[in-house]
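First the structure, in the form of structure tokens, and then the observations on it.
Protein chains in written order, with our numbering: chain W, 82 to 353; chain Z, 82 to 353.
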């Protein structure tokens, strides 16, 4: 664990990450000592810094610290938290803030092979995704909606559940992004008002373009999801994970474009 | 500073308050060693515990700790933070959580007498209030929208600014609740989808009822605010604070019902 480059496992009470959720985070898959999709994660972190008005952090330094922590780990999870640091008066940030960067390493979650071979079962959450167009897409520290959503089920046969917003639009899973296949078209929710724009989601969008596969980012409701030919969810740890069942609806995981799936898997394996 | 009753000024990185904003807080006005509006604050904290699925905290213990910290302080601010503690797997809370209670004491903010005698100047924020009907009203730790809103202005002649939601409804100030006087009627925004239901807001609603003054909790837009006869904002530290100016609109602070103002001030002064 590194806090501003120094070994440590505690933060001051005054940290604005604790006080207000005033910060950002990234969760990276570590493969053979390398944090995966580094550029994608850093791009999102930088967007977050801009929106939150943080001074841009030193990405070279962050990379060195990440590599030192990941060294010797074949498979692990690296979490980077960047808070606005301490100070300010109430909600008002200090005139010049000194963000606190926190790097921690965690065990790799061994997802069952079955998830990938047969597809997972999805549930639907009652908890709604928070709506805020300024904060949407960012991986910021205000994640209470997802915490409440994830606490809704204990059934281990349900791997993930969908979150809708207050207007009934499907946003994402509690910790993943959602893709649907309708005929030849790939669809994924518009995240301009809610949700987190995942790095693997972005990779899927990029690779679909590379492969000239039609992909639309749009609003849709639960009915659209239920009538899809195939579904998959993505995040930086699980990669692309096909969906077999949502409620009483069954999906054909064979309808997920193989070229796309392979291209994304390849990139994730090579820890680009 | 007390953490679970023990003097301390740091929390572990694993605290879910830091990781996800998974917690609640209360900010209390301390008068002559007593935390003000204790029952109101505890009622809101308890509602938050229920919604977040925390085991109910020991309110007697909390009171003892609060009193020990406040003892000897004529005027101060007591902040209580209650996080879900450490543990769990990702967003998923642990099966049985052990919330962490954090009590800190801060200097009393000496608001200018002029604010009360002449009324304050209000601005309008670009940052929108996050919408989430399940979390609305609670004083939880996901406050990034208010942080961004409060960072919008540096001009010290603007004491507070209004926040709207993405649908254009007026929700509150960045750190206060809003009341309007239209003729004989007192109006305050419906907070069932966004905002924090402040303890002084609740006190105003209670006292208006006691005094048989007509008060409506409803949705309204900026036009409604601009056309009001009078405006005031409330929070646990500033109490009732009249508004003189919003943009180019001027308001008559004499139109704020004196009986109501006095009744609320009396209760706040007596630290009930």
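Beta carbons are placed, not taken as given, at the ideal position from N, Cα and C, and that holds for glycine.
Computed from a prediction, not measured in an experiment: that's the story for all the values here.
With at least 16 other beta carbons inside 10 angstroms of its own, residue 316 of chain W counts as buried. For residue 198 of chain Z, the number of other beta carbons within 10 angstroms of its own is below 16, and it is reported as exposed. Between residue 90 of chain W and chain Z, the shortest Cβ-Cβ separation is below 7 Å.
Distance from the CA of residue 324 of chain W to the CA of residue 251 of chain W, rounded to the nearest whole angstrom, comes to 16 Å. Spanning the alpha carbons of residue 213 of chain Z and residue 351 of chain W requires a straight line of approximately 39 Å.
Under the three-state reduction of DSSP, residue 127 of chain W is assigned to helix. Minimum Cα-Cα distance from residue 113 of chain Z among the listed residues Z:121, Z:138, Z:157 corresponds to Z:157. In this structure, residue 241 of chain Z and residue 257 of chain Z form a Cβ contact; the two beta carbons are roughly 6 Å apart against a cut-off of 8 Å. Assignment of residue 349 of chain W by DSSP, reduced to helix, strand and coil, places it in the helix class.
Residue-level contact by beta carbon fails for residue 263 of chain W and chain Z, as no gap is shorter than 7 Å. Assignment of beta-bridge partners to residue 91 of chain Z by DSSP yields W:93.
Between residue 278 of chain Z and residue 218 of chain Z, the CB-CB gap stays under 7 Å. Nearest CB-CB separation between residue 208 of chain Z and chain W: below the 7 Å threshold. Under DSSP, the beta-bridge partners assigned to residue 316 of chain W are W:320. Burial check for residue 232 of chain W: the Cβ neighbour count within 10 Å reaches 16 or more, so the residue is buried. Close to residue 221 of chain W, with beta-carbon spacing below 7 Å, are these residues of chain Z in chain order: 225. Of all alpha-carbon atoms in W:243, W:341, W:321, the one lying nearest the alpha-carbon of residue 291 of chain W is that of W:341. If you draw a straight line from the Cα of residue 300 of chain Z to the Cα of residue 273 of chain Z, it is about 10 Å long.
The C-alpha of residue 190 of chain W is placed about 13 Å away from the C-alpha of residue 155 of chain W. Boundaries of the alpha helix (DSSP H) around residue 286 of chain Z: 280–291.
Residue burial is scored here from C-beta neighbours: residue 139 of chain Z has fewer than 16 other C-beta atoms within 10 angstroms and is therefore classed as exposed.
Take the alpha-carbon of residue 253 of chain W and the one of residue 209 of chain Z: they are about 22 Å apart.
DSSP places residue 246 of chain Z in the strand class (E or B) of the three-state scheme. The beta carbons of residue 117 of chain Z and residue 110 of chain Z sit closer together than 7 Å. Put simply, the segment 327–346 of chain W touches the segment 299–314 of chain W. At least three CB pairs are less than 8 Å apart. Neighbourhood of residue 171 of chain Z in chain W, by CB distance below 8 Å: 231, 256, in chain order. Sequence-distant Cβ neighbours of residue 179 of chain Z in its own chain, meaning closer than 6 Å and more than five residues away, are 166. Selection Z:309, Z:331, Z:288 evaluated against residue 344 of chain Z yields Z:288 as nearest (Cα-Cα). In this structure, the CA atom of residue 97 of chain Z is about 42 Å from the CA atom of residue 293 of chain W.
Membership of residue 251 of chain W in the beta strand (DSSP E) is indicated by the continuous run 251–254.
Proximity to residue 215 of chain Z across Z:87, Z:100, Z:304, Z:133 peaks at Z:133, based on C-alpha coordinates. Contacts between residue 183 of chain Z and chain W, judged by CB atoms closer than 9 Å, involve 94, 99 in chain order. Contact of residue 247 of chain W with chain Z by beta-carbon distance below 8 Å involves 212, 213, 214, 274. Residue range 225–231 is occupied by the alpha helix (DSSP H) that includes residue 230 of chain W.
Every alpha helix (DSSP H) stretch that sits fully inside the segment 169–212 of chain W and reaches 4 residues is listed by chain position as 194–199. Taking 7 Å as the threshold, the shortest C-beta distance from residue 102 of chain W to chain Z falls below it.
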